[in-house]
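S.K.:
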Amino acid sequence: MNVSEAIKQRRSVRAYLDKPVDPDLIKTIFLQAQDSASNCNTQPWHVVVVSGAVRDKIEQAMVSDIMSGKEPTPYFTPGDQGLKDEYRKRQIACAISLYDAMDIKYEEKDKRQQLMLRNWQFFGAPYAAFFSMPKTMSEINAVDMGIYLQSIMLLLTENGLASCPQGALAMYTDAVQEMANIPENHAIMFGLSFGYPDEQNQINQFEVGREELSQCVEFLA
Ligand SMILES: Cc1cc2nc3c(=O)[nH]c(=O)nc-3n(C[C@H](O)[C@H](O)[C@H](O)COP(=O)(O)O)c2cc1C
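According to this note's numbering, the residues represented by the sequence shown are 45 to 265, in order.
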């Protein structure tokens, strides 16, 4: 698979098979992603990959926090705050595509909340990764985090695996911070659930589109 194919094939997958991944393959993917570019080669990323009992304990802790009505405490500003104009429209269109795929009407708040909760259950993925960077860092370093995330996602795709990047996994992090051994001076920016995709699952039957190129890129000469 070449880079163009991996970019085309990657999509956010929200249901997984209960099938283990060779631990050496996971290590290789993270080793290869170390070659990602970063500002002044600072490599601000720190990642904790969880599976098995640790993954399950973190899921339980996050779900229990949410069910008890705990307020989210993201350290970095969540990307969906204060969206306006075309960005808000795209956000709504994305959510509607997901609800449509699951036959959920907007008025069915309970069902929407159950679907939202799947985020903190890692969408059933056997693996989750928490990506943190030092709290003192800023936007330019967040760029590095995104570049690194894309490397990981494309490498997973190349190896027949799937993933879902999740800002949601940076929202209820009190328990995670300790259980996942996140460095004290770091804050979680996003998470990534991954594993072998459950291709037949209803939730994986939709694709969100993209804007026309001319809406996003200009070529001047
Ligand atoms: C930084 C980041 C955070 C995201 N957070 C979430 C999330 O919390 N939950 C979720 O279901 N999808 C999340 N997504 C996935 C986006 O919704 C998805 O990338 C977008 O709709 C485009 O769809 P595609 O990835 O299938 O191409 C996130 C994506 C990125 C890059």
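Note that beta-carbon positions come from the ideal geometry of N, C-alpha and C, so glycine has one too. For clarity, every value in this text was computed on a predicted model and none was experimentally measured.
1. In the DSSP assignment, the beta strand (DSSP E) including Gln-210 goes from what residue to what residue?
2. Tell me whether Arg-58 is buried or exposed, calling it buried when 16 or more other Cβ atoms sit within 10 Å of its Cβ.
3. Once DSSP output is grouped into helix, strand and coil, what is the label at Leu-236?
4. In whole angstroms, what separates the C-alpha of Asn-163 from that of Phe-263?
5. Spell out the partners DSSP gives Met-189 in its beta bridges.
6. For the 8 Å Cβ check, are there 3 or more pairs between the segment 222 to 233 and the segment 95 to 111?
7. Please identify the residue among Pro-88, Gln-76 and Cys-84 whose C-alpha is closest to the C-alpha of Pro-178.
8. Using only alpha-carbon positions, find the residue among Lys-63, Glu-256 and Ala-77 that is nearest to Met-189.
9. Any heavy atom of ligand 1 inside 7 Å of the beta-carbon of Arg-99?
10. Quick check: the segment 136 to 154 against the segment 246 to 253, are there 3 or more CB pairs under 8 Å?
11. So, are the CB atoms of Leu-236 and Ala-173 less than 8 Å apart?
12. Bridge partners for Ala-231 per DSSP, in chain order?
13. Nearest-angstrom Cα distance between Val-93 and Gln-259?
14. Count the other CB atoms, across all protein chains shown, that sit within 10 Å of the CB of Val-220; report buried if there are 16 or more and exposed otherwise.
15. In whole angstroms, what separates the C-alpha of Gly-204 from that of Val-91?
16. Does the CB of Pro-116 have a neighbour CB from chain E at under 8 Å?
M.R.: If we stick to the structure as given:
1. For the purposes of this step, residue 210 is taken as residue 166 along the sequence shown, with counting starting at 1. Residues 206 to 210.
2. Taking the sequence shown and counting its residues from 1, the one referred to as residue 58 is at position 14. So Arg-58 counts as buried.
3. For this step, residue 236 is matched to residue 192 along the sequence shown. Reduced to three states, the DSSP call for Leu-236 is strand.
4. Reading the sequence shown from its first residue, position 119 is the one you call residue 163. Reading the sequence shown from its first residue, position 219 is the one you call residue 263. Asn-163 and Phe-263: Cα-Cα distance of roughly 38 Å.
5. Mapped onto the sequence shown, residue 189 falls at position 145. Per DSSP, none; premise fails for Met-189.
6. yes
7. Translated into positions along the sequence shown, residue 178 becomes position 134. The shortest C-alpha separation from Pro-178 is found at Pro-88.
8. In the sequence shown, the residue the question calls residue 189 occupies position 145. Among Lys-63, Glu-256 and Ala-77, the Cα nearest to that of Met-189 belongs to Ala-77.
9. If you number the sequence shown from 1, residue 99 lands on position 55. No, the beta carbon of Arg-99 sits no closer than 7 Å to any heavy atom of ligand 1.
10. yes
11. Residue mapping note: residue 236 aligns to position 192 of the sequence shown, counting from 1. Residue mapping note: residue 173 aligns to position 129 of the sequence shown, counting from 1. Yes, the Cβ-Cβ distance between Leu-236 and Ala-173 is below 8 Å.
12. The count along the sequence shown starts at 1 and reaches residue 231 at position 187. According to DSSP, Ala-231 bridges with Met-177.
13. To locate residue 93, count along the sequence shown from 1; it is residue 49. To locate residue 259, count along the sequence shown from 1; it is residue 215. Going from the Cα of Val-93 to the Cα of Gln-259 covers about 37 Å.
14. Counting from one through the sequence shown, the residue named residue 220 turns up at place 176. The residue is buried, with at least 16 neighbouring Cβ atoms inside 10 Å.
15. The sequence position of residue 204 within the sequence shown is 160, counting from 1. The sequence position of residue 91 within the sequence shown is 47, counting from 1. Approximately 21 Å between the Cα atoms of the pair.
16. The structure shown contains no chain E, having only a single protein chain.
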